[in-house]
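One structure is given below, encoded as structure tokens.
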Amino acid sequence: GVTVKAKVTGLLEDFDWRKVMSSFVQLMVLSQVPSMIIQIIALYGLGFTSDVYRRARRRVFSLRANVQNSMAKMVFAEMGFRAMSGGNWSEPTAALPGLSKRSLCRHVNGVFGEH
Numbered sequence: 149g150v151t152v153k154a155k156v157t158g159l160l161e162d163f164d165w166r167k168v169m170s171s172f173v174q175l176m177v178l179s180q181v182p183s184m185i186i187q188i189i190a191l192y193g194l195g196f197t198s199d200v201y202r203r204a205r206r207r208v209f210s211l212r213a214n215v216q217n218s219m220a221k222m223v224f225a226e227m228g229f230r231a232m233s234g235g236n237w238s239e240p241t242a243a244l245p246g247l248s249k250r251s252l253c254r255h256v257n258g259v260f261g262e263h
């Protein structure tokens, strides 16, 4: 057979603490330690807000329910836009004129103004 022998000799003369610290920080970042710490703080260290985060994390995502909800919101937004732009229900939405700043302020004041 073949035998290989290696002998390493040397002397460590210069030790750089900055390189050691930099390597340690890079190791922690690549190991995703900071994101785990933030996750633990968000889930357990923020009191009531942590309860909200934990409930949101446990919630099951349903694509069908979210798509239906999004579609309903888009239809409702279009109906609101049509009503604010003069109640034109026959033309396509893209053909309707945009709202001016003054018109939008008038509608917002009508909603939130004193009656």
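Residue numbers (the working numbering): 149 to 263. Glycine included, C-beta positions come from ideal geometry on N, C-alpha and C. This one's a predicted model, so the numbers in the text were calculated from it and none came from an experiment.
Delimiting residues of the alpha helix (DSSP H) encompassing S210:
Segment: none, S210 is in no alpha helix (DSSP H) and carries neither H nor E.
C-alpha distance - L160 paired with V168, whole-angstrom precision:
Computed Cα separation, rounded: 14 angstroms.
Cβ contact check for the region 214-234 and the region 190-206: 3 or more pairs under 8 angstroms
No, the region 214-234 does not touch the region 190-206.
What span of residues does the alpha helix (DSSP H) with Q174 cover, start to end?
Counting along the chain, the alpha helix (DSSP H) containing Q174 begins and ends at W165 to L178.
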